[in-house]
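Sequential numbering from 109 applies to the sequence shown in my numbering. No residue lacks a Cβ here, since even glycine has one placed at the ideal position from N, Cα and C.
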Amino acid sequence: MTIQNIALNKLALSDLNVRKVKPKEIEALAADIQARGVLQNLIGYDEDGKIKICAGGRRYRALKLLQKGKTIPGTFEVPVDLRSKDEALEISLAENAQREAMHPADAIMAYRAIIDSGKEVDDVAASFGVSPAYVRRVLKLAALHPTILKAFQKDEIGMSAAQAFALTDDQDRQLEVFKRTGDNPHQIRAMLTQEKVADTDKHFRIVGEEAYTAAGGTFTADLFGERRYCDDAGLVMDLVQDRLDAVAKAAREDGWRDAEAQISRPDSYWMRGHLEPAGKREPTEEEAAELARIEAAIATRESEIEEDERYYDEELRDLGRKHSAILSALQIFTDEQKADHNLVVFIGSEGIEQVAFTRASKNGAGDGPKPPRPDYSQKVMDQLGSVRTMAVREAIVTDPELALDVLLTGLLGQVRGEVYSWQQAVEIKAEKNPFHIDDAIMGHSSMRDIEEIAAADLHRVSEAPALEDMRQLDTETKLRLLAYCVASQITSLSFHSDRDRQLAQIAGAAQIDMADKWEPNQAFYDQLSKATLLKLLAEGCGNNAVENCHTMKRADLAVAAR
């Protein structure tokens with residue numbers, strides 16, 4: 109083996125090099141050679157006065173790239189191990205076959221060590237031919253909890269999971285989620301953002317970044333994706349309600365008998381009569397031009413993607429929202445219609461919707477006093493319903509006699525044809541009713557899951573028990589199993605429904621005291637609007653406390669209210 113320094117312009121790439129596919133990232137290697145020189149010699153053989161390179165092709169190409177850019181001259185000396193031509197093919201194969209890429213975890217820690225030595229991000233990026241943003245993403249991964257990094261090194265989790273954990277800088281939270289999710293990127297992101305709102309969410313789109321940041325809102329960026337998350341979900345919903353209130357106020361000023369703002373579509377949407385517009389006006393020149401532009405953009409976009417992708421394409425959906433908004437603005441309602449009917453403003457699937465409902469008769473509900481704005485959002489109401497559902501399930505699984513009463517009530521109602529299954533709190537069907545409640549809102553709960561309570565009895569029967577097996581069980585065991593089956597059918601529902609009223613009856617029969625079962629934690633209070641927090645503060649501490657806290661930010665008020 110003889111290593112010599114040979115001028116670059118005397119070298120050429122050998123046809124015997126086994127790597128035929130053109131290598132990638134030559135620019136990055138060239139930047140590294142420029143910064144640190146040629147760290148490893150090339151291998152070649154002499155043929156007709158030219159040194160043919162059979163191993164080290166990437167380094168050779170990187171050097172030629174530097175020569176082309178006039179960074180180094182053609183006389184630049186390159187260390188080359190000269191071998192015989194007979195050895196060339198074997199050496200080329202051995203070098204490429206034995207090469208093992210560095211594990212990403214090792215590369216991450218190497219970047220961290222370089223930064224810790226005092227180098228700036230921009231300097232490191234230039235040295236390795238990568239962008240500063242790439243270095244920052246790598247450093248984000250290097251800051252993961254040591255347990256997670258160790259799992260990454262052992263390939264117990266993949267790169268996608270590691271990137272998902274980087275959504276938070278809180279290492280304790282990272283570790284908590286890791287213990288529950290392991291290598292599941294989707295579940296990791298869901299748990300780390302369950303108290304946040306994505307910037308793609310329809311509610312945030314209505315608010316807009318300018319209004320959110322002006323109100324003090326901040327973001328958490330997903331450095332490994334294209335999404336950001338609003339850290340203050342409660343602030344987003346407050347701003348949404350303010351926007352809806354402003355639209356409703358403008359409608360009342362425009363002559364509508366009444367205009368009500370709601371976060372979500374009214375429960376009575378399909379049961380109330382919809383007021384048909386008197387007609388449509390012609391679009392203005394600006395509106396016509398905008399409609400034409402949007403329609404052309406829609407046609408272009410549809411030609412670029414497959415038909416089955418169109419419904420999910422965000423660009424198409426955004427264009428559709430703008431198109432619908434303009435067409436909706438062309439509808440005409442007469443002054444007489446406005447004076448005699450009501451408008452409801454709410455958040456639909458594509459943004460703010462305004463729907464005119466026909467007013468009920470003088471004896472109907474439409475003539476009653478306007479209901480006050482609810483204290484809790486629909487999401488919070490659903491969460492509270494889930495907490496109560498869990499308590500009812502627990503009560504039923506521990507009270508076979510109550511389970512039997514609930515079961516018979518449901519069966520007899522359906523057999524007699526007086527009620528439907530979807531109206532009942534217990535859905536009698538041949539499968540377990542899925543149930544989930546977010547850990548973040550459980551707070552200080554003494555409730556146990558029905559699977560845990562029934563575990564011993566379930567262990568006595570197989571997954572598909574035969575009748576003969578069931579006949580061998582004692583009556584008490586069978587009643588407990590019946591209670592488990594009935595409890596598993598109890599469903600979580602929003603408030604103000606037939607099912608919910610039945611759920612309340614069951615909770616009353618079981619004598620459930622929710623205050624003993626569940627105490628809300630900070631995560632729950634963080635979701636509430638400022639108006640609701642002040643109301644709770646008044647109930648717990650009096651009006652003087654409200655006066656003292658009225659100017660506080662909503663996030664600080666949520667801590668004080670607890």
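Query                                                                                                               : Result
Of the listed residues Leu383, Asp557, His382, nearest to Thr506 (C-alpha basis)                                    : Asp557
Proximal residues to Glu317 (C-beta, below 6 Å), its chain only, five neighbours per side dropped                   : none
Residues that Tyr337 bridges to, as DSSP identifies them                                                            : Ala306, Thr328
Given Ala623 as reference, the closest of Gln271, Val495, Ala274, Asp309 once Cα atoms are compared                 : Val495
Per DSSP, cross-strand counterpart(s) of Glu155                                                                     : Lys158
Nonlocal neighbours in the same chain, by C-beta distance under 8 Å from Ala115, ignoring five residues either side : Gly182, Thr183, Phe184, Glu185, Val186
Meets three-Cβ-pair contact criterion under 8 Å: the segment 329-347 and the segment 629-642                        : yes
With 16 other Cβ atoms within 10 Å as the buried cut-off, status of Ile111                                          : exposed
Meets three-Cβ-pair contact criterion under 8 Å: the segment 610-627 and the segment 293-305                        : no
Inter-residue Cα distance where the pair is His658 and Phe632                                                       : 20 Å
Exposure of Val523, with buried meaning 16 or more beta-carbon neighbours within 10 Å                               : Any reading at Val523 must be qualified, since the residue scores a pLDDT of 47, below 50, and its modelled position is unreliable; no value is offered.
Span separating the alpha-carbon of Ile223 from that of Leu171                                                      : 27 Å
Touching by the beta-carbon criterion (3+ pairs, under 8 Å), the segment 645-653 and the segment 348-357            : no
Span of the beta strand (DSSP E), counted from its first residue to its last, around Val453                         : 450-456
Touching by the beta-carbon criterion (3+ pairs, under 8 Å), the segment 438-450 and the segment 411-424            : no
Asn450 vs Asp362 beta-carbon contact at 9 Å                                                                         : no
Local conformation of His253 per DSSP, three classes                                                                : coil
Residue nearest to Thr301 in terms of C-alpha spacing, selected from Ala322, Gly324, Ala341, Gly325                 : Ala341
Per-residue burial, Ser570 [other beta carbons within 10 Å of its own, 16 or more giving buried]                    : exposed
Contact under 9 Å by Cβ, Ala233 with Ser239                                                                         : yes
Buried/exposed call for Val667, threshold 16 Cβ in 10 Å                                                             : exposed
Cβ distance (whole Å) where Ser372 is taken to contact Ile455 below 8 Å                                             : 6 Å
Cβ neighbour criterion (16 or more within 10 Å) applied to His604                                                   : Because the pLDDT at His604 is just 47, under 50, the model does not fix this residue reliably, and the point stays unresolved.
4 or more residues per run - each alpha helix (DSSP H) lying fully within the segment 582-667                       : 583-597, 606-617, 622-625, 630-633, 638-649, 651-657
Residue range of the unbroken alpha helix (DSSP H) whose run includes Ile296                                        : 293-300
Secondary structure of Glu390, DSSP reduced to three states                                                         : coil
Whole runs of the alpha helix (DSSP H) within the segment 410-446, excluding any shorter than 4 residues            : 422-437
Pairwise C-alpha distance: Thr289 and His253                                                                        : 15 Å
Alpha carbon of Leu645 to alpha carbon of Asn629, nearest angstrom                                                  : 15 Å
Proximity below 9 Å, CB of Gln370 to CB of Leu331                                                                   : no
Reference Ile134, options Ile256, Gln148, Leu173, closest by Cα                                                     : Leu173
Endpoints, the alpha helix (DSSP H) within which Ile460 is located                                                  : Looking at the DSSP string, Ile460 is not in any alpha helix (DSSP H); the run it does join, the beta strand (DSSP E), is 459-465.
Run of the beta strand (DSSP E) containing Glu368, from where it starts to where it stops                           : 366-369
Closest by C-alpha distance to Glu560, when choosing among Arg588, Asp546, Asp231, Pro385                           : Arg588
Nonlocal neighbours in the same chain, by C-beta distance under 6 Å from Tyr219, ignoring five residues either side : Val246
His552 in three-state terms, based on DSSP                                                                          : strand
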